[in-house]
Each structure stands twice: as structure tokens, then as C-alpha cells.
Ligand code: UD1
Ligand code: UDP
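Put into C-alpha cells, the structure is as follows:
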């Protein structure tokens, strides 16, 4: 019996990182696959550098879609993905996460009668004003294989009427990625950004935080307040979206915040591991903080990663400076004793087991 042919659709920094263990596992087992990059992320420090440090082959296709409105990005992706899928005819298309790339990949495939596997399915913030929530809610019901990180995400899908037979609890491939790369990261030697005093690490990029000037201003003030009150520099690898918005709105960074360009994955793992505290609105960074045992303050009103709150690794701060400071103090006083809820680092193997059990 012939094994399946798998098409992997990815397009952004977190998808490259979280899909890398799956690609590696497909390669290891000699399963026929190809990678289609939509080009949603394209700057070297948001894209190319990850293929290099994760030692991934260049994608077979890159649609070069670039940035635009949600409709422009998704529309161009749909057209390009459909063409490639018509030529390649994979049996299963795999997508990862909640980006516009995921939405386009899942829609294009399902309408062509190609099965869809959604890695990191079942996450819900309950907030339909987030583009990511819309993408998740559309991608999950059209997926044939729902690879969920935790029992919580499985419950979300069952409550929405998804057939439980389609759902596999795999853990999150971010654990695989962290475990596969942390010793490589440590082995690379000194990371100059770490310095000698303690520091806090911040990342901010989510649409709801960057695109509203007042909210972005308050967040920057919050980071400045945390730095001033707690006597630590806030190291801030700045996402291009945030850089653009700060410039456009004329919001200066407060003293105590040190902005740097986005860094490669190995460097970022070291920045996370050595930070005393992480302040973020990133999904992947909330998970990695929890996995690496670093306390996290999430600068959002909700999270689709409630497991991190439940184990005590993370707290929701919203965007008011005083509340961000209060949460920073609260998390710094915690003992770092929580359990990692995202699995044992063998998520990719479980995903590929399911794919391998399918026949053409
Ligand atoms: C996207 C995802 C978000 C994810 C994030 C990961 C959607 C709706 N959003 O957000 O869920 O958390 O990626 O980082 O899919 N830009 C560059 N270079 C790049 C990429 C982007 O300069 O390589 C700038 C452009 O000005 C662009 C802006 O960032 O307009 C936003 O890019 P876009 O891909 O639309 O959304 P992200 O904010 O990156
Ligand atoms: N990351 C990185 N360099 C950076 C910032 C983040 O390698 O300068 C990694 C981080 O380790 C995590 C992923 O990017 O695995 C998170 O991506 P992002 O915050 O862009 O997206 P989200 O997870 O919120 O979708």
C-alpha cells in the first residue's frame, strides 16, 4: 500500500518554527511531502533566518504574497495555493496555527476535495474581533484531522460538534521545537544582548495592541513603568508590524526599553531562558515561557492558551500600565514550579503516526 503524499502550507515565523519538527519527522520516515510557503512573512529576520537556523530545506514553492489587508493576503494565497495543489495533488494538506495562511490553506484544500490536517487545532480565545480567532473557527470544521495540543482544546472542538474521531491529542509541536533546539542554542556561546545584569524580555505584535494608537501608547508606558519601578532593562525584539505602528503614530519608547531587531530562533530561546520575566502578546512566546519555566505577563484581555494561566505560569494583564506593573510584581514573586501542559516533545511523531496510517 502506498503511503500518503503530504503538502505543508506555511507562511509566517511561528508556522516555520512549529512545523519544523513535523517536516523533520516526515523526512526521517521518508514520507513524500513538499512545502508551500505563502510568503506572508518575507523579511529575512522574519523568514529566511528560520530556515537557516532550523536547518530546513528551502520550500519547493514560495507564492511571495507579502503584506496587505486581510482580504488581499487571503485572496492572493487562495489563488496561488489552488494552482499548486492542482499540480501536486497531495492527499493531505497540513496547516499550523491561526494565520491568514492557515485560513487560505485549509479553504483551498477542502474545496478541492483534499483532506486537511490542522496542527494546533481547537484553540479558542472567545474573541471574534481577533483575526486569528476567525481563522481558527473557519479552519477547524473543514479539517479532517484535528491535531490538538491539550484536552482543553479537544473539549473546545467537541463542544462545537466536531466528530471526536477526527481529533488527536498530540501535545504542541512547540515543545518538540524547544527541546530540539535549546541545547543547540546553548552551544552557540554568549548572546551579547543578554548582558550581565538581569533583564525582562518583551514582544508585542498583535493587531489589537498595535493598530490602536492609544492602546499601543499605554502598553509602551506600561513597559517603561515596569522597567523604572523594578529596576530592569526591558529588552524588546521589535516585530515589523509594531515598528511600523510606533513610527506612524509617533510613539517614542520610554527609557529602560531597549528595542532590537527580531532575532533568530536560537538567539530568542536564549533571551527567553535567561529573562527574569517575559511580557508578551505572542501565542508562541506564552507557551515557550511556560515550557522554559520563565514567568509570563500576557498583555492582552484574553488568551487561547488558558493552560498557561491554570498552571500558574502566566497572567492576563490587559493594557493598563498600573495593571501591567502589578502583574509583573505578582509573577516575579512566584515560585517557578509549574508543570508544562503542552506535552513531552513527541507531538510531531504522533501527528506523523496518524498521517502514516492513512493510505492513498
Ligand atoms: C501574522 C498573523 C499573526 C501572527 C503573526 C506572527 C494573521 C492575520 N496574523 O501577523 O496571527 O501572530 O503573523 O508574527 O495572519 N511585515 C514585514 N515583514 C514581514 C512580515 C510583515 O515588514 O516579513 C510588516 C508589514 O508592514 C505588514 C505587517 O508587518 O503589513 C503585518 O504583517 P502580517 O503578516 O499581515 O501580519 P502579522 O502582524 O505579521
Ligand atoms: N521568536 C523569534 N525571534 C523573535 C521573536 C520571536 O524567534 O525575535 C519566536 C518565538 O520563539 C516563538 C515565535 O517566534 O516561537 C512566536 O512568533 P510570533 O510571536 O511572531 O507569533 P505568534 O506565536 O503570536 O503567532
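In the working numbering, the protein residues as written are 2 to 361. Beta carbons are placed, not taken as given, at the ideal position from N, Cα and C, and that holds for glycine.
Scanning its chain for C-beta atoms nearer than 7 Å, with the 5 sequence neighbours on each side dropped, one finds around residue 106 the residues 10, 82, 94, 96, in chain order. For residue 267, the enclosing alpha helix (DSSP H) has its first and last residue at 266-275. Between residue 314 and residue 87, the alpha-carbon positions lie close to 45 Å from each other. About 6 Å separates the beta carbons of residue 150 and residue 121, which is inside the 8 Å limit, making them a contact pair.
If only complete runs of 3 or more residues are kept, the region 160-207 shows the beta strand (DSSP E) at 168-170, 200-204, in order along the chain. The alpha carbon of residue 252 has as its nearest neighbour, out of 218, 268, 73, the alpha carbon of 218.
Within its own chain, the residues whose Cβ lies closer than 7 Å to the Cβ of residue 355, once the five positions on either side in sequence are excluded, are 146, 169, listed in chain order. A distance criterion of 8 Å places the beta-carbon of residue 245 in contact range of the ligand UD1, judged by its closest non-hydrogen atom. Taking each of 243, 203, 80, 194 in turn and checking the Cα distance to residue 228, the smallest one comes out for 203. Taken from the Cβ of residue 224, every heavy atom of the ligand UDP lies 8 Å or farther away. Rounded to the nearest whole angstrom, the CA to CA distance from residue 359 to residue 21 is 21 Å. When the Cα atoms are used, residue 118 and residue 256 turn out to be separated by approximately 46 Å. In this structure, residue 266 has its beta carbon less than 8 Å from a heavy atom of the ligand UDP. The ligand UD1 approaches residue 284 closely enough that one of its heavy atoms is under 8 Å from the residue's Cβ. Here residue 346 is near residue 177, since their CB atoms are less than 9 Å apart.
With a threshold of 16 other beta carbon atoms within 10 Å, residue 101 meets it and is buried. Counting only the Cα atoms, residue 61 lies some 16 Å from residue 41. For residue 118, the three-state secondary structure derived from DSSP is strand. The beta carbon of residue 264 lies closer than 8 Å to those of 46, 194, 238, 272 in the same chain, with the five residues before and after it left out.
According to DSSP, residue 124 shares a beta bridge with no other residue. In the assembly as shown, residue 243 is a buried residue. Its beta-carbon has 16 or more other beta-carbons within 10 Å.
A direct Cα-Cα distance of roughly 10 Å separates residue 29 from residue 353.
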